[in-house]
Ligand SMILES: [Zn+2]
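Right under this line is the structure:
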């Protein structure tokens, strides 16, 4: 038998394969699983030359597959100066680390910091222009608050963006001013883009490095595959794709990537144009980089009260706003569907989900396709009728259970407990055979799959409110949604989601069995090792 064979023995292997749910040994060759089963079965199938690795009773699961996150934006954020409470305690601290970064930044380039929390700084306030001028007068400096809803910048940044005492705050936002009328540097909500749009996009090399950084960080969480759920969001899709291709070419990528180009490139609104999936050049290593669904936004978010609802929010005047009218949405979906695309539509509110299902139904009437496997991203508030339509149209809901834990209290405030308790009805959908996929939406939230799994079981908000315990799932089902479910959602179920002969050798070694401990203890599980294609990409 040729090729390097590694045999893993003495493990608690959760395969997710219904034909063989558990195994204690497996052998890997050429990046794929050669044989899996009992130790004697595996030993009989390999030669003495195999490298043996004793798993010491530890648990092995298929690698987590985060089929909706934002790879490049996450990596760009990781490259910014860390201003989280574990890194800085005061505004003086914050200015010191930014000054250090400025000292090694090319003259005139932006210095960016992320994640400060004014409540936890000694001064208990936001840093201002005059504070940040101490970090640098030469470089534009901008720092973002942990909430993502406030940022602050220095004088050079204000000047570069053309924001001065005469700039008017846009509706829904605020440019904070001193008593003398000069801006303080603090910008809130819709005022933030006035500054952010002045920041030049990263060079393709910087973007490549950010992608590598992101995948290395994901490997620490046991993630072996990720989907970039909005390729072309910050700069043209072709430019971002070039950076992804370059990341693959380095040979240093720690996980596999599926790109989801935005619909505006694929089937633009108000036109008859449509691109085919094969029109995109993602190189020739499809195991590492491939094109997935095209991405459409159909509404906003519940936390910002912009998710499109049938009935109004209870704490704000509106009911959100769909991104497109039905005709435009149906046209884009119809063209992409007919051209052979899988489609993934962001739809949180029930009104947006209804419009999405209308568009999918119309597309199938126009051009019938078997197993189109269109997706609804977030799928937060489907009522019973919409859930039935999801099932009959064979649509895959792609859910982020961590959002319940992080934003559940905001859902209760905005929707009332009854509607909030029916958010992400994962248990209902799974019981009726709808394949649900889990993901994170990282960097919107921290994105640990183990945290997501625990959230799907507990459905508990930060303040301890349990949202619809009837929609909770068992640990095994949550694990399935993060492995088999996301493999289905990305049309990669022939390669991923199971640990079975012929499947990619993508797996994580955990220090405890997710299915055998209390749900609140799952977040304490340590990832000991992450393996992609038989290669160790992370080791604790
Ligand atoms: Zn997203």
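Numbering (our numbering), first residue to last: 999 to 1538. Think of the CB as a built atom: it goes at the ideal place given N, C-alpha and C, for glycine as much as any other residue.
Item                                                                                                                                                                            : Value
Could you tell me the alpha carbon to alpha carbon distance between residue 1529 and residue 1309, rounded to whole angstroms?                                                  : 47 Å
Going by DSSP, what residue range makes up the beta strand (DSSP E) through residue 1121?                                                                                       : That residue, residue 1121, is in no beta strand (DSSP E); it is neither H nor E in DSSP.
What's the C-alpha gap between residue 1237 and residue 1414?                                                                                                                   : 43 Å
Which residues does DSSP pair with residue 1376 in a beta bridge?                                                                                                               : 1345
Which full runs of the alpha helix (DSSP H) of 4+ residues lie inside the segment 1382-1418, going along the chain?                                                             : 1382-1390
DSSP three-state call for residue 1142: helix, strand or coil?                                                                                                                  : strand
Check whether the segment 1443-1455 touches the segment 1399-1413, taking contact to mean three or more Cβ pairs, one atom from each stretch, closer than 8 Å.                  : yes
For the candidate residues 1049, 1477, 1371, 1122, whose alpha-carbon lies nearest to that of residue 1025?                                                                     : 1049
Where do the N-terminal and C-terminal ends of the alpha helix (DSSP H) with residue 1474 fall, by residue?                                                                     : 1473-1478
Using the rule of at least 16 other Cβ atoms within 10 Å of the residue's Cβ for burial, across every protein chain shown, is residue 1140 buried or exposed?                   : buried
Only counting the same chain, and skipping five residues up and downstream in sequence, which positions put a Cβ closer than 6 Å to that of residue 1148?                       : 1186
Counting pairs of beta carbons, one from the segment 1238-1254 and one from the segment 1101-1111, are three or more of them closer than 8 Å?                                   : no
Using the Cα positions of residue 1078 and residue 1246, report the straight-line distance between them to the nearest angstrom.                                                : 23 Å
When DSSP builds the beta bridges, which residues end up paired with residue 1186?                                                                                              : 1148, 1172
Do the segment 1508-1521 and the segment 1224-1238 touch if we need at least three Cβ pairs shorter than 8 Å?                                                                   : no
Would you kindly report the start and end of the unbroken beta strand (DSSP E) that includes residue 1051?                                                                      : 1049-1052
Can you check which of these residues, 1087, 1135, 1136, 1299, is closest to residue 1114 by C-alpha distance?                                                                  : 1087
Please determine, among 1120, 1123, 1234, 1112, the residue with the shortest C-alpha to C-alpha distance to residue 1143.                                                      : 1112
In whole angstroms, what is the alpha-carbon distance linking residue 1179 and residue 1061?                                                                                    : 54 Å
Can you list, in chain order, the residues of its chain with a C-beta nearer than 7 Å to that of residue 1432? Leave out the 5 residues immediately preceding and following it. : 1388, 1389, 1395
State yes or no: is the C-beta of residue 1212 within less than 7 Å of the C-beta of residue 1069?                                                                              : yes
Report the option in 1378, 1337, 1346 whose CA atom is closest to the CA atom of residue 1362.                                                                                  : 1337
Could you pull out every residue in the same chain whose Cβ sits closer than 6 Å to the Cβ of residue 1153, ignoring the five residues on either side in sequence?              : 1127, 1131
Starting from residue 1324, trace the alpha helix (DSSP H) in both directions and tell me its first and last residue.                                                           : 1324-1336
Considering only residues of the same chain and omitting the five flanking positions on each side of residue 1381, which have a CB-CB separation below 8 Å?                     : 1348, 1420
Specify, as a first and last residue, the run of the beta strand (DSSP E) that residue 1242 falls within.                                                                       : Premise fails: residue 1242 lies in the alpha helix (DSSP H), 1235-1247, not in any beta strand (DSSP E).
Apply the 10 Å Cβ neighbour rule to residue 1268 and answer buried if 16 or more other Cβ atoms are within range, or exposed otherwise.                                         : exposed
Please identify the residue among 1292, 1437, 1176 whose C-alpha is closest to the C-alpha of residue 1263.                                                                     : 1292
Report the CB separation of residue 1526 from residue 1056 in whole angstroms; it is logged as a contact under 8 Å.                                                             : 6 Å
I'd like the span of the beta strand (DSSP E) that includes residue 1226, first residue to last.                                                                                : 1221-1229
On the three-state DSSP scale, how would you describe residue 999?                                                                                                              : At residue 999, the pLDDT of 46 sits below 50, so the modelled position is not reliable; the number obtained from the coordinates is stated separately. Coil, per DSSP.
Please name the residue in 1303, 1201, 1243 whose C-alpha comes closest to that of residue 1232.                                                                                : 1201
So who's on the other strand from residue 1293, going by DSSP bridges?                                                                                                          : 1260, 1342
Strictly by DSSP, which residues pair up with residue 1064?                                                                                                                     : 1224
Run through DSSP, which three-state label would residue 1321 get?                                                                                                               : coil
Nearest by alpha-carbon distance to residue 1345: which of 1300, 1313, 1332 is it?                                                                                              : 1300
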